[in-house]
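Asks: Encoded as structure tokens, here's the structure I'll be asking about.
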Amino acid sequence: MSLRVFNTLSRSMEAFVPLDPQGKGVGMYCCGPTVHDVAHIGNFRTFVFSDLMRRFLEHRGYKVRHVMNVTDVEDKIIQRVRAGKTTLKAHTSKYEEAFFADLERLGCLKPTHIPRATEFIPAILELIQALLDRGIGYGTPDGSVYFSIEKYRRAGFRYGQLLSLNTDELRPGERVAADEYGKESIADFALWKARVPEDGDVYWSSPWGEGRPGWHIECSAMSMKLLGPSFDLHLGGEDLIFPHHEDEIAQSEAAGAQCPGCRFVKYWMHGAHLLVEGKKMSKSLGNYFTLRDLLAKGFTGREIRFLLMSAHYRESFNFTLEGLQGARSALGRIDDCLNRLNERAGGATASSEDLSRADLCAGVEEALDHDLNVAQAWAVVFEWVRECNRALSEARISAEAAAAAVGAWRRIDKIFALGAGFSSGGEVPPELEAMLAERQEARRVKDFKRSDAIRDALKAQNWIIEDTPAGPRLKKSG
RNA sequence: GGCGGGGUAGCCAAGUGGUAAGGCACGGCUCUGCAAAAGCUGCAUUCGUCGGUUCGAUUCCGACCCUCGCCUCCA
């Protein structure tokens, strides 16, 4: 079997075949954060999804160039800068830093390239110029430049590749910005926004006057600059399908950099939203959690990562604290199994032929090959865990086989990045070890009152005693 | 209004034209001085409603109900 993905362009599953004639290199672009504020975990769901995709591609032997942009100039940012009496750079770098710190806590690999919009102004200007040269873009008296959907269509392109929509029936309502009345058509979008007084110091000079890039143009300019005019994968949240991604296609293909018959992007993949009580998690509804909120409640990055990876990326997923608690329990099950396997393995080296190893890897790969079906993958993992536990408690697993099982998990965990089984929850402080020994002594002389008191004292410090046949051990409680 | 998703046990969530994965919670058991932890184990005659196709549908078709998203900044 090989990887199949759901392509928004065709609304169907397609075999993943990279553009690279060697079949090795993969270009992948993921729409990153707009750094006007702290990102919430709904945003991170998409980034964890991208990370999973990237890791799985790498697991499958592809060499991935992973680009994630940072939008560091945009209306909301400018508002904040003005309100906070700060500079653009100071404001955006603060939130950019926070974003990448969060991303790391969630176990996401750093993208290969992280381009910032403000650092690609020349490329953006170049692209806008190309669109003007081809008669698709047009300037307005105030110095803005817009993209004409009508001219684009007349040039033989199709607007509406990612979704079917009738632009004549767009209902833009009253929310058309006052500075956009120079547009020829309501559906046209800005490539370059002329400077207005509210922009303050945030502007760049251009052949059309001072101003700043429109929202969509940066992604076209940066992705094509770093990955070439045609590349394999473009991911993002489903709310970006329209207008952002549709406009990206329009700009990028209208500029004509692709070879004849080639598309801007071969596969578009969109992640569904995280929900809270049935509604999309969003800043505007105020129903959001940031990573910090959850860490403050005592949850860990890997527990949150696990939760975000527990549902299929194309299904909207209801986030609850109970669900997160459940994720903790489920993850604990994997941890415990891995710890037991590690214990059994001792220093043994893996035996070459071990069935559980083959079952786990093949099963997970098969599941993920099917458009990253993580739910099925977890079913495979948990069946494997049960099988390992059974073998462990019936003492019918050799040290070598246990080592092989641990090896299998490590291989799989390169994809999931949960780090299960690599730590026993931290070092046990010596004084607690002493208390544990004292309790054992009390139990030996049957002074249960005393031993229970020690147990309670440890519990008060969030350490749980596990009495196993091999003796007691301490475990940090959640 | 247009377009696109989704409705599967208490909760979350896979899946298939041939009789329902997995996780959490819950019950039972093992272990234990008692517990806890851990492990094992049990837990949907049924897949929104009503029709149709079929030997057979949760899975295909039609209608309907409910719900969410996009159409406006948005992961």
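The first sequence stops at residue 480 when you use this note's numbering, and every number in between is there.
Every residue, glycine too, gets a C-beta built ideally from N, C-alpha and C.
(1) Applying the 10 Å Cβ sphere with the 16-neighbour rule, what's the burial state of residue 462?
(2) When DSSP labels each residue in this structure, what does residue 194 get in the three-state scheme?
(3) Go ahead and label residue 253 buried or exposed: buried means 16 or more other beta carbons lie within 10 angstroms of its beta carbon, across all protein chains shown.
(4) What beta strand (DSSP E) runs, 3 residues minimum, are completely inside the region 182-249?
(5) Indicate the three-state DSSP secondary structure (helix, strand or coil) for residue 124 in the structure shown.
(6) With distances taken Cα to Cα, identify the nearest neighbour of residue 112 among 140, 72, 144.
(7) Are the region 137-154 and the region 88-98 touching, with three or more C-beta to C-beta distances below 8 angstroms?
(8) Of the residues 301, 399, 302, which one's Cα is nearest the Cα of residue 348?
(9) With a Cβ-Cβ cutoff of 8 angstroms, do residue 476 and residue 407 count as a contact?
(10) Do the CB positions of residue 5 and residue 28 come within less than 8 angstroms of each other?
(11) How would you write the range of the beta strand (DSSP E) that residue 30 sits in, first residue to last?
(12) In whole angstroms, give me the CA-to-CA distance for residue 303 and residue 390.
(13) Please return the same chain residues whose Cβ sits closer than 7 angstroms to the Cβ of residue 101, not counting the five positions on each side in sequence.
(14) Among the candidates 233, 199, 49, whose CA atom is the shortest distance from the CA of residue 268?
(15) Closer than 6 angstroms by C-beta to residue 52: which residues in its own chain qualify, once you throw out the five before and the five after it? Chain order, please.
(16) Could you check how far apart the C-beta atoms of residue 212 and residue 84 are, in whole angstroms? I think they sit under 8 angstroms.
(17) Could you give the uninterrupted runs of the alpha helix (DSSP H) lying entirely in the region 395-467, keeping only those of 4 residues or more?
(18) Measure from the alpha carbon of residue 307 to the alpha carbon of each residue in 133, 284, 191, 333, then state which is nearest.
(19) Terminal residues of the continuous beta strand (DSSP E) containing residue 68?
(20) Is the distance from the Cβ of residue 453 to the Cβ of residue 376 below 8 angstroms?
(21) Looking only at its own chain, which residues have a Cβ that is under 7 angstroms from the Cβ of residue 339, when we skip the five neighbours before and after it?
(22) In angstroms, rounded to a whole number, what distance separates the CA positions of residue 282 and residue 322?
(23) In terms of alpha-carbon separation, which member of 336, 286, 274, 301 lies closest to residue 320?
(24) Excluding five sequence neighbours on each side, which residues of the same chain lie with their C-beta closer than 6 angstroms to the C-beta of residue 310?
(25) Count the other CB atoms within 10 Å of the CB of residue 91; is the residue buried (16 or more) or exposed (fewer)?
Replies: The short version:
(1) exposed
(2) strand
(3) buried
(4) Correct list: 191-196, 213-215, 233-239.
(5) helix
(6) 72
(7) Inter-segment contact for the region 137-154 and the region 88-98 is absent: fewer than three beta-carbon pairs are separated by less than 8 angstroms.
(8) 399
(9) no
(10) no
(11) 27-32
(12) 26 angstroms
(13) 35, 37, 41
(14) 233
(15) Result list for residue 52: 32, 237, in chain order.
(16) Contact doesn't hold; Cβ gap of about 17 angstroms is too wide.
(17) Counting only runs of 4 or more, we get 401-418, 432-446, 450-462.
(18) 333
(19) Annotation: the continuous beta strand (DSSP E) that includes residue 68 extends over 65-70.
(20) Taking 8 angstroms as the Cβ cut-off, residue 453 and residue 376 do not qualify as a contacting pair.
(21) 387, 390, 391
(22) 13 angstroms
(23) 274
(24) 47, 50
(25) exposed
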